[in-house]
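Heads up, the sequence shown is in the working numbering, so the first residue is 6 and it goes up one at a time.
Each residue gets a CB set at the ideal place from its N, CA and C atoms; glycine is no exception.
Working notes, structure below.
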Amino acid sequence: MKHFKLFLLALAMTAMPQAINAQAQTNTQTAADDLDAKYATELLKPGTEAPEIALSTIDGKQFTLKSLRGKYVVLDFWASWCSDCRRDAPNIVALYNKFHQKGVEFVGVSFDRNNESWKNGVAKLALPYTQVSDLKNMRESPVSLAYHIKWIPSVYIIDPEGKVALATVMSEKVDAFLTSVYPDCAE
């Protein structure tokens, strides 16, 4: 019996470093996979009043964020020249298709500087939701400055009271948040 206990102790001591190493790798992967820790550190925090947005839509109409008060609003900050934005666009469109039927509004805020590039980008990516822009560079746009955009794509969820509910660079976090609000949309 004594030899068996020693055997179990030796086995546990042999396995322990491997288990600790596996846990450390999992923690490292989780931190590395969370792009918000790297790119979303300056975005507005939840509970902050969302700054007003008053811009022209892609078809020249006037848009204001306050016109959507009472609804959840997804603000998708992007540009046609941004490869990460183009790569993430199908995810945002899928979220639109999933949650717009529940009354969630989606608004794309483009940092394209050229009207033609902007329109071509919207068409090529088949973005079905409202698109607005001031046709200014991301570093110079008053909307970008108000929302502390340093990286695109960046996405905000504004709650029905006009406050930031979520700020992220990860569309899967948008999906998780909206699914928590509308659990009947869970897949």
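Query, Result
"Assign Pro133 to buried or exposed, taking buried as 16 or more other Cβ atoms, counted over all protein chains shown, within 10 Å of its Cβ.", "exposed"
"Starting from Trp83, follow the beta strand (DSSP E) in both directions and report where the run begins and ends.", "Val78 to Trp83"
"Spatial neighbours of Gln34 within its chain, please: CB distance less than 7 Å, with the 5 preceding and 5 following residues excluded, ordered by chain position.", "Low per-residue confidence applies at Gln34: pLDDT is 41, beneath 50, and the placement is therefore not dependable, though the value from the model is reported in the following sentence. Once the five neighbours on either side are set aside, Gln34 has no close Cβ partner at all."
"How many angstroms separate the CA atom of Asp39 from the CA atom of Ser61?", "33 Å"
"Confirm, please, whether the CB-CB distance from Val174 to Ser159 is below 7 Å.", "yes"
"In the region 149-186, which residue ranges form an unbroken alpha helix (DSSP H) of at least 4 residues, counting only runs that do not cross its ends?", "176-186"
"Kindly indicate which residue of Ile162, Cys87 and Ile154 has the alpha-carbon position closest to the one of Thr46.", "Ile154"
"Mind checking who Glu110 pairs with in its DSSP beta bridge?", "Val78"
"Rounded to a whole number of angstroms, what is the C-alpha to C-alpha distance between Leu16 and Lys178?", "With a pLDDT of 43 at Leu16, under the threshold of 50, the modelled position of this residue cannot be trusted, and the question is left open."
"Measuring straight from C-alpha to C-alpha, what distance separates Val127 and Val98?", "11 Å"
"Use the C-beta contact count for Gln136: other C-beta atoms within 10 angstroms, 16 or more gives buried, fewer gives exposed.", "buried"
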